[in-house]
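K.L.:
In our numbering, the protein residues as written are 37 to 716. C-beta: ideal position from N, C-alpha, C; glycine also. For clarity, every value in this text was computed on a predicted model and none was experimentally measured.
In structure tokens:
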């Protein structure tokens, strides 16, 4: 029989306290202090950041779920996290005004317009709304730190738990997303909680474990459509539970213990627990949507973009077909199914990686993100932990050796399944999608506690130095955690490698305002190419807008001045005429130049197209020169003189590909229909 739980083979950290009570108090004080410090850093740093692209939509959707009993807004990003972050707004709803429900934007579920109206045009204090919602996610971030500590402590003792806790609490990735009103950190917490609680429940049944497993899995399925990954994880973990000579123990509410030893009894138990949690999660999904199939209280309603499930199913492959069948039989709520199909329809999205553009993704995208956006000290601790595990096994008896390996099974299973998905997905828009793997890595880092013993002072000192390096690097990155890159990529050059939520999510309007106040000449024109959903004027920025995602009606006059451009905008990833400058764009641009040589129209479609062509050509030129400054590393600032502007708009193009990105993709598919969907 493989022993499920024995005394941790990793040595405990030797404290100077002789009394167990004092050691326990010191441990509790350390853990509590670390959680408080994490919360303070997260909330203090995020107050210096503007709303990121998706936050307004998340908060508005959550508020509408509570107050309007309507689930059409943002159903693809989870009912539970959006409800959770909106709780403070609901508590003070008498102070808030929601947009008119008779508008076209509400009827069509235009979450971006409704959210913009809710935050900026309804007389509400948008800064209070934002910090209140963000604080709710920061609470979950602290809970994630505690989860990592207790899981690591159960494997590697107090020393291992503390190492994992420090790594999690000061992780730039956790600090970046553990303070934003989005569902990413929420999903990471529930994934980790679900994996651990299911593993525990597959070996020992008690009321507390059953409740924890039920809540974790139910919460996970209300967070992200990727929750389905818990199914193969559970299946593989269950197979380990059913290996010969394993025992499952059941503890009754009165404390009596029963052991299940026969294969039939253990199979029946695993099946029963799985069915119970599955039914509980299924019921929770219906409860979150008010036990109502229809997304809206009214009968006449439409979802954002695709209007209904039938339409979105036509664009989402197998997932859409499944969603359509489930909708016809009303197996799950309408909004839940629409959100799932909507995500499947958007798997192939425009993305940027090291100067290249794709909609099919790259196999190296997520490994690269992990390599450059994870502190090197964390890799060092993981390496020491992985070296320690076999050494611990060799120094233990056979029973303890098997326990060490067996207890790592859920971590190994989850990490492998996650990475199998990451390497195959076409959705390569952000490092944040790796978030569910980070808590698992942090737990494994606790194995480095093996070296915390007197006869390994050098390695124990190395661990201390790595932890100090991590803490120092994290504090030095304050408050710019979203734009954090480790020393492998200089942060000033990060925009050449990754953009969007890996670097620039619209968060640095306050930093830009501070820079402009200190450096911009009072009468010099300021131009802003902003990637985000916040309003620059709400942060005191007066600038001429450069067309980014769509054509703008007002004619654009480009003159010498200060040009502030978001990294994502500079790389021309989204919107009209995406990608590198090319012969197709250049030909059309020169045609319009000749057409407007004698008379420049003041407005109209051709004028709008000409304006955005000029902006894209300007960006192509700026990609080949260093910025004069930056704001928060995500907004690049250029001071352009008349000759520089003239050269960018009318001189030889700084880059000139033969085909546009979209044309090249079409040609590749025509010439090689069986081409692998993933780029190398």
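Just to confirm the assignment: which complete beta strand (DSSP E) runs, minimum length 3, are found wholly within the stretch 339-417?
P.N.:
Here the runs fully enclosed are 387-389 and 392-394.
K.L.:
Check whether the Cβ atoms of residue 420 and residue 487 sit closer than 8 Å, and answer yes or no.
P.N.:
Here residue 420 is taken as the residue at index 384 of the chain shown, counted from 1. Here residue 487 is taken as the residue at index 451 of the chain shown, counted from 1. Against a cut-off of 8 Å, the Cβ pair of residue 487 and residue 420 comes out as a contact.
K.L.:
Looking at the unbroken alpha helix (DSSP H) that takes in residue 276, where does it start and where does it end?
P.N.:
Locating residue 276 in the chain shown gives position 240, counting from the first residue. Residues 266-277.
K.L.:
Measuring CB atoms only, is the stretch 562-572 touching the stretch 599-618, in the sense that at least three cross pairs come out at less than 8 Å?
P.N.:
A contact exists between the stretch 562-572 and the stretch 599-618.
K.L.:
By the 10 Å Cβ neighbour count, where 16 or more other Cβ atoms means buried, how is residue 118 classified, buried or exposed?
P.N.:
Residue numbering aside, residue 118 sits at position 82 when the chain shown is read from its first letter. With 16 or more Cβ atoms within 10 Å of its Cβ, residue 118 is classed as buried.
K.L.:
Does the contact criterion of 3 or more C-beta pairs under 8 Å hold for the stretch 475-486 versus the stretch 195-212?
P.N.:
With the cut-off at 8 Å, the stretch 475-486 and the stretch 195-212 touch.
K.L.:
On a CA-only basis, which of 135, 299, 330 and 362 is nearest residue 159? Give me that one, please.
P.N.:
By 1-based counting over the chain shown, the position of residue 159 is 123. Of 135, 299, 330 and 362, the residue nearest in Cα terms is 135.
K.L.:
Taking only three categories from DSSP, how would you classify residue 250?
P.N.:
By 1-based counting over the chain shown, the position of residue 250 is 214. Here residue 250 sits in helix by DSSP.
K.L.:
Alpha carbon to alpha carbon, how far is residue 528 from residue 157? Give it in angstroms, no decimals.
P.N.:
The residue you call residue 157 lines up with position 121 of the chain shown. The residue you call residue 528 lines up with position 492 of the chain shown. Computed Cα separation, rounded: 36 Å.
K.L.:
Let me know the secondary structure DSSP gives residue 524 once reduced to three states.
P.N.:
As a working mapping, residue 524 is identified with position 488 in the chain shown. Residue 524 falls in the coil class under three-state DSSP.
K.L.:
Opposite residue 601 in the DSSP bridges: which residues?
P.N.:
To locate residue 601, count along the chain shown from 1; it is residue 565. Residue 601 is bridged to 565 and 672.
K.L.:
Please report the residue range of the beta strand (DSSP E) in which residue 220 lies.
P.N.:
Residue 220 sits at position 184 when you count from the first residue of the chain shown. Counting along the chain, residue 220 falls outside any beta strand (DSSP E), though it belongs to the alpha helix (DSSP H) covering 220-237.
K.L.:
In the stretch 486-548, which residue ranges form an unbroken alpha helix (DSSP H) of at least 4 residues, counting only runs that do not cross its ends?
P.N.:
Runs of the alpha helix (DSSP H) inside the stretch 486-548: 493-512.
K.L.:
On the three-pair Cβ rule with 8 Å, is the stretch 538-556 touching the stretch 666-682?
P.N.:
The stretch 538-556, when compared against the stretch 666-682, does touch it at the 8 Å Cβ threshold.
K.L.:
By how many angstroms is the C-alpha of residue 442 removed from the C-alpha of residue 50?
P.N.:
Counted from its first residue, the chain shown places residue 50 at position 14. Counted from its first residue, the chain shown places residue 442 at position 406. Because residue 50 carries a pLDDT of 44, less than 50, the predicted location of this residue cannot be relied on, and no value is offered for it.
K.L.:
Locate the alpha helix (DSSP H) running through residue 287, then write down its first and last residues.
P.N.:
Residue mapping note: residue 287 aligns to position 251 of the chain shown, counting from 1. That residue, residue 287, is in no alpha helix (DSSP H); its beta strand (DSSP E) goes 284-287.
K.L.:
What are the boundary residues of the alpha helix (DSSP H) that residue 65 is part of?
P.N.:
On the chain shown, position 29 is the one that residue 65 refers to. That run of the alpha helix (DSSP H) goes 56-82.
K.L.:
For the alpha helix (DSSP H) containing residue 189, name the first residue and the last one.
P.N.:
By 1-based counting over the chain shown, the position of residue 189 is 153. Element bounds for residue 189: 162-205.
K.L.:
Suppose contacts are defined by Cβ-Cβ distances below 8 Å. Is residue 451 in contact with residue 269 by that definition?
P.N.:
Walking along the chain shown from the start, residue 451 turns up at place 415. Walking along the chain shown from the start, residue 269 turns up at place 233. No, Cβ-Cβ distance for residue 451 and residue 269 is not below 8 Å.
K.L.:
When the Cα atoms are used, what is the spatial distance from residue 499 to residue 207?
P.N.:
By 1-based counting over the chain shown, the position of residue 499 is 463. By 1-based counting over the chain shown, the position of residue 207 is 171. For residue 499 and residue 207, the distance between alpha carbons rounds to 16 Å.
K.L.:
DSSP has residue 294 in a bridge; who is on the other side?
P.N.:
The count along the chain shown starts at 1 and reaches residue 294 at position 258. According to DSSP, which records beta bridges pairwise, residue 294 is partnered with 286.
K.L.:
For the structure I just gave you, are there three or more beta carbon pairs, one from the stretch 303-321 and one from the stretch 246-259, closer than 8 Å?
P.N.:
Touching, yes.
K.L.:
Hey, residue 311 and residue 217: beta-carbon distance below 8 Å or not?
P.N.:
As a working note, residue 311 is residue 275 in the chain shown. As a working note, residue 217 is residue 181 in the chain shown. In this structure, residue 217 does not lie closer than 8 Å to residue 311 by Cβ.
K.L.:
Determine the DSSP secondary structure at residue 105, reduced to helix, strand or coil.
P.N.:
Walking along the chain shown from the start, residue 105 turns up at place 69. In the structure shown, residue 105 sits in coil (DSSP, three-state: anything other than H, G, I, E or B).
K.L.:
Whose C-beta lies closer than 7 Å to the C-beta of residue 560 among residues of the same chain, with five residues either side of it excluded?
P.N.:
By 1-based counting over the chain shown, the position of residue 560 is 524. Excluding residues within five positions, the ones whose Cβ falls inside 7 Å are 597 and 598.
K.L.:
Using DSSP bridges, identify the partner residues of residue 581.
P.N.:
Locating residue 581 in the chain shown gives position 545, where the first residue counts as 1. Partner(s): 564.
K.L.:
How do the stretch 400-418 and the stretch 454-466 stand: do at least 3 beta-carbon pairs fall below 8 Å, yes or no?
P.N.:
In short, these stretches touch, since the Cβ pair count reaches three.
K.L.:
Excluding the 5 residues flanking residue 514 on each side, which residues of the same chain have their C-beta closer than 6 Å to its C-beta?
P.N.:
Residue numbering aside, residue 514 sits at position 478 when the chain shown is read from its first letter. Same-chain partners within the cutoff: 81.
K.L.:
Can you list, in chain order, the residues of its chain with a C-beta nearer than 6 Å to that of residue 416? Leave out the 5 residues immediately preceding and following it.
P.N.:
Here residue 416 corresponds to residue number 380 of the chain shown, with the count starting at 1. Within the same chain, residue 416 has close Cβ partners 502.
K.L.:
Using the beta-carbon count (16 or more within 10 Å), is residue 47 buried or exposed?
P.N.:
Residue 47 sits at position 11 when you count from the first residue of the chain shown. Only weak support exists for where residue 47 lies, its pLDDT of 46 falling under 50; the value from the coordinates is given anyway. Buried, since its Cβ has 16 or more Cβ neighbours within 10 Å.
K.L.:
What three-state label does DSSP hand residue 122 in the structure shown?
P.N.:
Counting from 1 along the chain shown, the entry for residue 122 is found at position 86. Helix.
K.L.:
State the beta-bridge partners of residue 618 as determined by DSSP.
P.N.:
Residue numbering aside, residue 618 sits at position 582 when the chain shown is read from its first letter. Per DSSP, 693.
K.L.:
So what's residue 217 in DSSP terms, helix, strand or just coil?
P.N.:
For this step, residue 217 is matched to residue 181 along the chain shown. It is coil, neither helix nor strand.
K.L.:
How long is the line joining the alpha carbons of residue 701 and residue 396, rounded to whole angstroms?
P.N.:
The count along the chain shown starts at 1 and reaches residue 701 at position 665. The count along the chain shown starts at 1 and reaches residue 396 at position 360. Roughly 10 Å between the two C-alpha positions.
K.L.:
Are the CB atoms of residue 594 and residue 625 within a distance shorter than 8 Å?
P.N.:
Here residue 625 refers to the residue found at position 589 when the chain shown is read from its first residue. Here residue 594 refers to the residue found at position 558 when the chain shown is read from its first residue. No, they are not a contact pair.
K.L.:
Alpha carbon to alpha carbon, how far is residue 222 from residue 229? Give it in angstroms, no decimals.
P.N.:
Position 193 of the chain shown, counted from the start, is the residue given in the question as residue 229. Position 186 of the chain shown, counted from the start, is the residue given in the question as residue 222. Each residue's Cα considered, the two are about 11 Å apart.
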